[in-house]
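Report on one structure; see the data block that follows.
In the working numbering, the protein residues as written are -9 to 336.
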């Protein structure tokens, strides 16, 4: 099916664009009352993720309501460890929780790799198929997965954490086990991302949410090594790597076989562009908290960011996911400001 708006794909490939494309991480849900209505009709977050028709519905909402240039499938990065055998629950107000964890070789029984992706993750793939049918070519659909290091953190820790000390401890006390688990997560993630492309994803993003808790050398060994395996194997569609907080590793990320490097709001966009040149598209990176400002200030801050771009190779986004209590009208101001911006001088 021919896309009516392929702006984000052209930007990712470094092709000519007439304006910067814009979308938001966590745009499917959170801020939209329409999403909350759908969520309230179900038992909880996991039922929404695992019900393809409803997941497709909330995936499309920001396209209709906010006017973004891409949809991103409504799912969760933790569907991968669950498919591998480590079931999780999403607890209200406290986030994900795993009853079992992997901190020894015995725990590897909860890290299966030899299974059919369609069998265990078919609900995500079906949501992608339904979404594309309903979108009818209006905008591209982004598929995604968590990076091996981030998934590793949840499988070892069993929950969210400020320090992920159990995960980091394992890197020192049993690096062989750490690499085995990371390898298994990587193998499944590659299969999962390829299945998403086959189901109809036009673009992919890999979220390394906890990249920033590792030092530069450790991230090279336990993070980048496995991202490299993913982007070397998955090359059917443009792929974005978002290593949140890994400020000292951005150049190394840009050297991997990806199209786009996602930047969080703490990263110096101008400096990074100078360092990596035109070799990669950058994505980001307005501070999500900027959207708490007045409409006029949101417009000013967005234009300041756009003015700082030294290249057309850019996809506009926030430096992280949109926060749930931000006014959707402020988000619309952000998006419309990007759409109104003249880039002919770039």
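Positions of the beta carbon are idealized from the N, C-alpha and C atoms, including for glycine.
Between the CA atoms of residue 169 and residue 160 - distance to the nearest angstrom: 10 Å
Same chain, Cβ closer than 7 Å to residue 19, neighbours up to 5 away in sequence not counted: 25, 48, 64
Nearest residue (CA-CA) to residue 179, options 302, 136, 32: 136
For residue 198, the first and last residue of its enclosing beta strand (DSSP E): 193 to 198
Rounded distance between the beta-carbons of residue 300 and residue 56, thought under 8 Å: No, residue 56 and residue 300 are not in contact; Cβ-Cβ is about 27 Å, not under 8 Å.
Residue 139 - DSSP class collapsed to helix/strand/coil: helix
Exposure label - residue 228; buried when at least 16 CB within 10 Å: buried
Residue range of the unbroken beta strand (DSSP E) whose run includes residue 79: 78 to 81
Exposed unless 16 or more other CB atoms sit within 10 angstroms - verdict on residue -4: buried
Assigned secondary structure, residue 155 (DSSP; H/G/I helix, E/B strand, else coil): helix
Closest by C-alpha distance to residue 325, when choosing among 0, 3, 12: 12
The stretch 212 to 223 touching the stretch 133 to 150, judged by at least three CB pairs closer than 8 Å: yes
Span of the beta strand (DSSP E) around residue 304: 304 to 308
Residues bridged to residue 86 [DSSP beta-bridge criterion]: 80
Residue 222 burial status per 10 Å Cβ neighbour count (16 or more: buried): exposed
Any beta strand (DSSP E) of 3 or more consecutive residues that is wholly inside the stretch 236 to 313: 250 to 252, 271 to 276, 304 to 308
Top-ranked residue by Cα proximity to residue 207, from 193, 181, 236: 236
Straight-line gap, residue 295 to residue 276 (C-alpha atoms, nearest Å): 7 Å
Validate contact between the stretch 118 to 136 and the stretch 184 to 196 using beta carbons, cut 8 Å, 3 pairs: yes
CB-CB length for residue 52 against residue 79, believed under 8 Å: Not quite, the Cβ-Cβ distance comes to about 26 Å (not below 8 Å), so this is no contact.
Sub-8 Å separation of residue 22 and residue 58 beta-carbons: no
Beta-bridge partners of residue 327, as assigned by DSSP: Paired residue(s): none; residue 327 is not in a bridge.
Secondary structure of residue 224, DSSP reduced to three states: coil
Validate contact between the stretch 297 to 314 and the stretch 265 to 272 using beta carbons, cut 8 Å, 3 pairs: yes
Residue span of the alpha helix (DSSP H) that contains residue 173, given as start and end: 165 to 189
Rounded distance between the beta-carbons of residue 241 and residue 264, thought under 8 Å: With 8 Å as the limit, residue 264 and residue 241 do not qualify as a contact, their Cβ atoms being about 11 Å apart.
Rounded C-alpha distance that separates residue 195 from residue 308: 14 Å
8 Å Cβ cutoff met for residue 262 and residue 1: no
Cut-off 8 Å between Cβ atoms - residues of its own chain near residue 224, not counting five sequence neighbours on either side: 180, 183, 184, 187, 194
Start and end residues, alpha helix (DSSP H) containing residue 120: 107 to 125
Straight-line gap, residue 152 to residue 247 (C-alpha atoms, nearest Å): 30 Å
Secondary structure of residue 63, DSSP reduced to three states: coil
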